[in-house]
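J.:
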Amino acid sequence: MSIKIKPVLSATDRDEFIKLPYKLHSRWRAWIAPLFSTVKKDFDQARHPFFKHADIQLFLAQVNGHTLGRIAGIVDHEFITARNKAIGQFGFFDCVEDRDISIALFNTASQWLRDEGMVGMIGPTNPSIHGEMGVLMDSYEIPPSIRMVWNPPYYPDLMEGAGFSKAIDQYAYRVLKDNVSQKLTEASDKVLNRCKASIRILDMKNLDREIKIIRSVYNQSWKKSWGFASISLPEIDFFFKSLKRIIDPSLVLIAEVEGNPVGFSISLPDYNSVLKHLNGRVFPFGYPVILWYSRKIKHLRSVLLGVLPNFRYRGIETALYYKTWENTKDKKYDSFELSPIFE
């Protein structure tokens, strides 16, 4: 078998790169196709703010003219500065179940990173630690929540077969509404009173101001976490603006002490339960489908939470979770995912 690894150099190649997961994963019932238009925006290097401080090279693996794999080599200069070490990344790895093809992809990405001056490689990061990160190790039969990774069960073996080893574990926890005790909700109120803290919802009328607040708290609270690199204002603005249509302000909370922000949490309705009915495209019949299935969303995902170091271990984190849940009591949600949680 002759394996050809080709760099993505044209718009046609880029579309082939983007479309590959739709071809490879459509047979897996748990896989949910992202909107093709959204994915294209994520790869738009002229508009996506991540590429202001990062370089990326996409590669395709082909056998007899058929594309069977893909990978990206990524040099994130913010990540390198934070680590003070030239560690490159790989991302957007997808491949058929073939060890030779996967090794050819990993070797190509690794060589490209070496040519860029990198001395190591971690991944997958899609495209960064602020995006979808990691490889799923179990529970492949469960569809992923919004903005969480999913991959076929053979991916870990392909990566280990190429010489990779675990850097860190991430977990996802699911809480059922029936298991949330009223006593715990009452306890969160006591915590807030003791800390002289208050929790408010996102002010959509002053979204730019709110984004700056959340970015500031996030960069301070996550600074010493594994793999952290600060997120720029354009990046977090891009994140919020791309999700503006599905954000529920009552599920984005900011904790304050004496009027100063000390923590935040962002939870999203799990629109993956809508996307699974669209097959990656809105047109021509997607809008009625979106309207219909949006009313049936029953799951939430806590996407991100941060509390300033000086205010940790006082119960504010727990209070943010419970206030989020409390704000859903008159809604249809029956479960709440906390993810990713680092080991």
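Going by our numbering, the first residue of the sequence shown is number 1, and it counts up by one from there. Ideal Cβ positions, reconstructed from N, Cα and C, are used throughout, including at glycine.
#1: Taking Ile290 and Leu268 to be in contact with their CB atoms under 8 Å, please state how far apart those CB atoms are, rounded to whole angstroms.
#2: Going by Cα to Cα distance, which pick from Asn279, Val307, Arg301, Leu338 is closest to Ser346?
#3: Below 7 Å CB to CB, which residues in the same chain sit around Arg147 once its five sequence neighbours on both sides are set aside?
#4: Only counting the same chain, and skipping five residues up and downstream in sequence, which positions put a Cβ closer than 8 Å to that of Arg47?
#5: Going by other Cβ atoms of all chains shown within 10 Å of its Cβ, with 16 needed for buried, is Ala11 buried or exposed?
#6: Taking the C-alpha atoms as reference points, what is the distance between Pro243 and Pro152?
#7: Throw me the rounded Cβ distance for the Phe79 and Ile129 pair, which I believe falls under 8 Å.
#8: Quick one: is Pro127 buried, meaning 16 or more other Cβ sit within 10 Å of its Cβ, or exposed?
#9: Using 8 Å as the Cβ pair cut-off and three pairs as the minimum, do the segment 256-273 and the segment 82-99 touch?
#10: Helix, strand or coil for Phe92, going by three-state DSSP, please let me know.
#11: For a quick check, are the C-beta atoms of Gly123 and Gly161 less than 8 Å apart?
#12: Assuming Met1 and Val63 are in contact, meaning their beta carbons sit under 8 Å apart, how far apart are those beta carbons, in whole angstroms?
#13: Under 8 Å by Cβ, that's how I've got Val257 and Ala197 pegged, so tell me the actual separation to the nearest angstrom.
#14: Compute the distance between the beta-carbons of Gly69 and Ile56, then report whether it is under 8 Å.
#15: Could you check which residue in Asn310, Arg301, Glu326, Gly315 has the C-alpha nearest to that of Ser339?
#16: Which residue marks the beginning of the beta strand (DSSP E) containing Leu24, and which one marks its end?
#17: Using the Cβ count rule (16 or more neighbours within 10 Å means buried), how would you classify His299?
#18: When you compare the CB positions of Gly315 and Gly263, do they come within less than 8 Å of one another, or not?
#19: Check whether the Cβ atoms of Phe276 and Ile32 sit closer than 8 Å, and answer yes or no.
#20: Using a Cβ-Cβ cutoff of less than 6 Å, which residues in the same chain neighbour Ile199 once the five nearest sequence positions on both sides are dropped?
#21: Assign Met137 to buried or exposed, taking buried as 16 or more other Cβ atoms, counted over all protein chains shown, within 10 Å of its Cβ.
T.: Reading from the atomic positions:
#1: Within the sequence shown, numbered from 1, the residue matching residue 290 stands at position 290. Within the sequence shown, numbered from 1, the residue matching residue 268 stands at position 268. Not quite, the Cβ-Cβ distance comes to about 15 Å (not below 8 Å), so this is no contact.
#2: Residue 346 cannot be examined here, being either before or after the span of the chain that is shown, 1 to 343.
#3: Working through the sequence shown from its first residue, we reach residue 147 at position 147. Excluding sequence neighbours, Arg147 sits near Glu132, Val303.
#4: On the sequence shown, position 47 is the one that residue 47 refers to. Excluding sequence neighbours, Arg47 sits near Lys41.
#5: For the purposes of this step, residue 11 is taken as the residue at position 11 of the sequence shown. Label assigned to Ala11: exposed.
#6: The count along the sequence shown starts at 1 and reaches residue 243 at position 243. The count along the sequence shown starts at 1 and reaches residue 152 at position 152. Per the sequence shown, residue 243 should be read as Leu rather than Pro. Spanning the two alpha carbons is a distance of roughly 27 Å.
#7: As a position in the sequence shown, residue 79 is number 79, starting the count at 1. As a position in the sequence shown, residue 129 is number 129, starting the count at 1. That belief holds up - the Cβ atoms of Phe79 and Ile129 are roughly 7 Å apart, short of 8 Å.
#8: Indexing the sequence shown from 1 puts residue 127 at position 127. Pro127 comes out buried.
#9: no
#10: Taking the first residue of the sequence shown as 1, we reach residue 92 at position 92. Three-state DSSP puts Phe92 in a strand.
#11: Indexing the sequence shown from 1 puts residue 123 at position 123. Indexing the sequence shown from 1 puts residue 161 at position 161. No, Cβ-Cβ distance for Gly123 and Gly161 is not below 8 Å.
#12: Taking the sequence shown and counting its residues from 1, the one referred to as residue 1 is at position 1. Taking the sequence shown and counting its residues from 1, the one referred to as residue 63 is at position 63. Indeed, because the Cβ distance is near 6 Å, the residues count as touching under 8 Å.
#13: Reading the sequence shown from its first residue, position 257 is the one you call residue 257. Reading the sequence shown from its first residue, position 197 is the one you call residue 197. Between Ala197 and Val257 the Cβ distance is about 5 Å, and since that is below 8 Å, they are a contact.
#14: Within the sequence shown, numbered from 1, the residue matching residue 69 stands at position 69. Within the sequence shown, numbered from 1, the residue matching residue 56 stands at position 56. No, Cβ-Cβ distance for Gly69 and Ile56 is not below 8 Å.
#15: Translated into positions along the sequence shown, residue 339 becomes position 339. Measuring from the Cα of Ser339, the nearest candidate turns out to be Arg301.
#16: Locating residue 24 in the sequence shown gives position 24, where the first residue counts as 1. From DSSP, Leu24 is part of no beta strand (DSSP E) but of the alpha helix (DSSP H) over 11-25.
#17: Within the sequence shown, residue 299 is the residue found at index 299, counting from 1. With 16 or more Cβ atoms within 10 Å of its Cβ, His299 is classed as buried.
#18: To locate residue 315, count along the sequence shown from 1; it is residue 315. To locate residue 263, count along the sequence shown from 1; it is residue 263. It is not a contact, given that the beta carbons lie outside the stated cut-off.
#19: Residue mapping note: residue 276 aligns to position 276 of the sequence shown, counting from 1. Residue mapping note: residue 32 aligns to position 32 of the sequence shown, counting from 1. Note that residue 276 is Lys in the sequence shown here, rather than Phe. Closer than 8 Å, so yes.
#20: Numbered from its first residue, the sequence shown carries residue 199 at position 199. So the qualifying residues of the chain are Leu253, Ala255, Lys323.
#21: As a position in the sequence shown, residue 137 is number 137, starting the count at 1. Met137 is exposed by the Cβ-count criterion.
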